[in-house]
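Each remark here refers to the structure printed beneath this line.
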Ligand SMILES: Cc1ncc(COP(=O)(O)O)c(C=O)c1O
């Protein structure tokens, strides 16, 4: 944490730009809303670190009731374990000798759990763990329709679970299935049906394993768009939602999600050029704003729309009726942009400025930013 930050106590518009802002009241409300929901169902929350990539936010989620965290990458897991978090799921395959060595190192200092979908990989992790006297907890990842990673439901999942059960220094903890192809379906009824259909494949696999005498203590899956669909299934034990904590305009517009969570993240921009009444250029381009889910838009700026991003510039154009105060925006003025994808936008920044009532309250390093390995 960068406590020597000179901007603390100053108004957010005094920050140098581009700057990544978190509205702390909104983030805290999101954490509380999600914690309240998980106090009413059987499943528990294991929030995904890939969204915020910052141990202090993970600690806040755990303080509110989360059982641990989910990570996508070893680099994220290292960041949170070094910051004192012990119960970590890497919801991903850890493949190759170098990465397995890092995994085993973490296993010696934490309760790390990892997903697997391949027999040779399971064998390699077991051998490395045995050589170092470590124990690795493992979930079998099942492909429940996203067609990304995962063994097929049923027999292939049983075979891998049995291999893990036989393998020295591995503990079979259960099943994971991520219904990523359903989480952003805009309409609630379609999302509900698609998520339940996907999760049924995981439930059927659990029942099949149990029939063969294999216990399945952990059932893990879920995202922000399905937190109260997958999260309401009594046999699910852990939900991996991540985006809810910061949110973005894409998730906000998914039916039924915007009413629960507020958009806490924004990027502060400075107007650098105003060539004419109809065009305005800001200093937030592709290097500080992700756009794979659409071009991010300014917050509360009637009559102006971001029409394009290049590396270092965002171009805004006038649309329809433009109020006088927007016509008079000029170089040096600031505005805030709402990201369309929080996770990939955060990964472009070194630090967050935590804002409360317009004032910079805290500065947090985004420790796992760029840790793609
Ligand atoms: C394995 C896994 N779990 C959970 C999530 C949920 O994330 P979100 O809350 O952003 O939908 C993701 C998103 O990429 C994921 O890949």
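Residue numbers (the working numbering): 415 to 787.
The C-beta atom is built at its ideal place from N, Cα and C for all residues, glycine as well.
| request: Under the assumption that residue 722 contacts residue 732 (Cβ atoms under 8 Å), give the Cβ distance between them as a whole number of angstroms. | output: On the chain shown, position 308 is the one that residue 722 refers to. On the chain shown, position 318 is the one that residue 732 refers to. So it is not a contact: roughly 14 Å between Cβ atoms.
| Can you tell me whether residue 420 is buried or exposed, with buried defined as 16 or more other CB within 10 angstroms of its CB? | Your numbering for residue 420 matches position 6 in the chain shown. Residue 420 comes out exposed.
| query | In its own chain, which residues sit with a C-beta less than 6 Å from the C-beta of residue 484, not counting the 5 before and 5 after it? | reply | For the purposes of this step, residue 484 is taken as residue 70 along the chain shown, with counting starting at 1. Correct list, in chain order: 460, 462, 503, 505, 654.
| In three-state terms, what does DSSP make of residue 473? | Sequence index remark: in the chain shown, residue 473 carries index 59 (1-based). Residue 473: helix per DSSP, three-state reduction.
| request: To the nearest angstrom, report how far apart residue 507 and residue 746 are at their CA atoms. | output: For the purposes of this step, residue 507 is identified with residue 93 of the chain shown, where counting begins at 1. For the purposes of this step, residue 746 is identified with residue 332 of the chain shown, where counting begins at 1. C-alpha of residue 507 to C-alpha of residue 746: approximately 47 Å in a straight line.
| request: Flag residue 638 as yes when its Cβ comes closer than 6 Å to any non-hydrogen atom of ligand 1, and as no otherwise. | output: Here the question's residue 638 lines up with position 224 in the chain shown. Remark: the C-beta of residue 638 is in contact range of ligand 1, defined as less than 6 Å to any heavy atom.
| In the structure shown, what three-state DSSP assignment does residue 533 receive? | Translated into the one-based positions of the chain shown, residue 533 becomes position 119. Helix at residue 533.
| task | Would you decide whether residue 406 is buried or exposed? Buried here means 16 or more other CB atoms lie within 10 Å of its CB. | result | Past the boundaries of the shown model lies residue 406; the chain is included only from 415 to 787, so the question cannot be answered.
| Contact set for residue 521: own chain, Cβ-Cβ below 6 Å, skip 5 residues either direction | Translated into positions along the chain shown, residue 521 becomes position 107. Excluding sequence positions up to five before and after residue 521, its CB lies within less than 6 Å of the CB of 548, 550, all in the same chain and listed in chain order.
| task | Would you identify the three-state DSSP class for residue 728, choosing helix, strand or coil? | result | Indexing the chain shown from 1 puts residue 728 at position 314. Residue 728 sits in a strand when the DSSP states are folded into three classes.
| task | Tell me whether residue 592 counts as near ligand 1, meaning its Cβ is closer than 6 Å to at least one heavy atom of that ligand. | result | Here residue 592 refers to the residue found at position 178 when the chain shown is read from its first residue. For residue 592, the shortest separation between its Cβ and any heavy atom of ligand 1 lies below 6 Å.
| Is residue 428 buried or exposed, if buried means 16 or more other CB atoms sit within 10 Å of its CB? | Within the chain shown, numbered from 1, the residue matching residue 428 stands at position 14. By the neighbour-count rule (16 or more Cβ atoms within 10 Å), residue 428 is not buried but exposed.
| query | Taking Cβ positions, are residue 620 and residue 589 nearer each other than 7 Å? | reply | Locating residue 620 in the chain shown gives position 206, counting from the first residue. Locating residue 589 in the chain shown gives position 175, counting from the first residue. Yes, these two residues count as a Cβ contact at 7 Å.
| Helix, strand or coil at residue 433 according to DSSP, with G and I counted as helix | Position 19 of the chain shown, counted from the first residue, corresponds to residue 433. Three-state DSSP puts residue 433 in a strand.
| Comparing the CB of residue 597 with every heavy atom of ligand 1, is any distance shorter than 6 Å? | The count along the chain shown starts at 1 and reaches residue 597 at position 183. Because some heavy atom of ligand 1 lies under 6 Å away, the Cβ of residue 597 counts as near it: yes.
| task | Please report the Cβ distance between residue 570 and residue 615, rounded to the nearest whole angstrom; I am assuming they are in contact, meaning their Cβ atoms lie under 8 Å. | result | Translated into positions along the chain shown, residue 570 becomes position 156. Translated into positions along the chain shown, residue 615 becomes position 201. Wrong, their Cβ atoms sit about 12 Å apart, outside the cutoff.
| said: Please return the same chain residues whose Cβ sits closer than 7 Å to the Cβ of residue 474, not counting the five positions on each side in sequence. | reply: One-based indexing of the chain shown puts residue 474 at position 60. Hits under 7 Å: 445.
| So, using beta-carbon positions, are residue 646 and residue 455 closer together than 7 Å? | For the purposes of this step, residue 646 is identified with residue 232 of the chain shown, where counting begins at 1. For the purposes of this step, residue 455 is identified with residue 41 of the chain shown, where counting begins at 1. Cβ distance < 7 Å, so residue 646 and residue 455 count as in contact.
| said: Tell me which residue opens and which closes the beta strand (DSSP E) that residue 463 is part of. | reply: Looking up residue 463 in the chain shown gives position 49. In the DSSP annotation of this structure, residue 463 is not part of any beta strand (DSSP E), being labelled neither H nor E.
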